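A.B. asks: Under the numbering used here, the letters of the sequence shown match residues 18 to 71, in that order.
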Amino acid sequence: MQCHYCDRDADIAVDSDGIKVGVCKTHFREQMAELEDADWLDDLEDELDIDRRE
Ligand SMILES: [Zn+2]
18 MQCHYCDRDA DIAVDSDGIK VGVCKTHFRE QMAELEDADW LDDLEDELDI
68 DRRE
């Protein structure tokens, strides 16, 4: 799967409200910053153990 936002291979496939979107880690973090209220991101973050210290 290709990243939805750039030409790189997607590292993560997210399924939000039935819509499957592949994203690379860079864009995943960007989207997470915008959508950090979404419940599914909390679950996904736990799963991936992403380092968010910035
Ligand atoms: Zn990307």
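Virtual Cβ for every residue (Gly too), placed ideally from N, Cα, C. Just so you know, these numbers come straight off a predicted model, no measurement behind them.
Does the beta-carbon of valine 40, which I'm using as the reference point, lie nearer than 8 Å to any heavy atom of ligand 1?
C.D. replies: Against the sequence shown, residue 40 aligns to sequence position 23. Yes, since a heavy atom of ligand 1 falls inside the 8 Å radius drawn around the Cβ of valine 40.
A.B. asks: What is the DSSP secondary structure of leucine 24, counted as helix, strand or coil?
C.D. replies: In the sequence shown, the residue the question calls residue 24 occupies position 7. Here residue 24 is aspartate; the residue named in the question, leucine, does not match the sequence. Aspartate 24: coil per DSSP, three-state reduction.
A.B. asks: Is the CB-CB distance between glutamate 47 and tyrosine 22 below 9 Å?
C.D. replies: Taking the sequence shown and counting its residues from 1, one reaches residue 47 at position 30. Taking the sequence shown and counting its residues from 1, one reaches residue 22 at position 5. In contact: glutamate 47 and tyrosine 22 (Cβ atoms closer than 9 Å).
A.B. asks: Can you tell me where the alpha helix (DSSP H) with glutamine 48 in it begins and where it stops?
C.D. replies: Indexing the sequence shown from 1 puts residue 48 at position 31. Residues 42-51.
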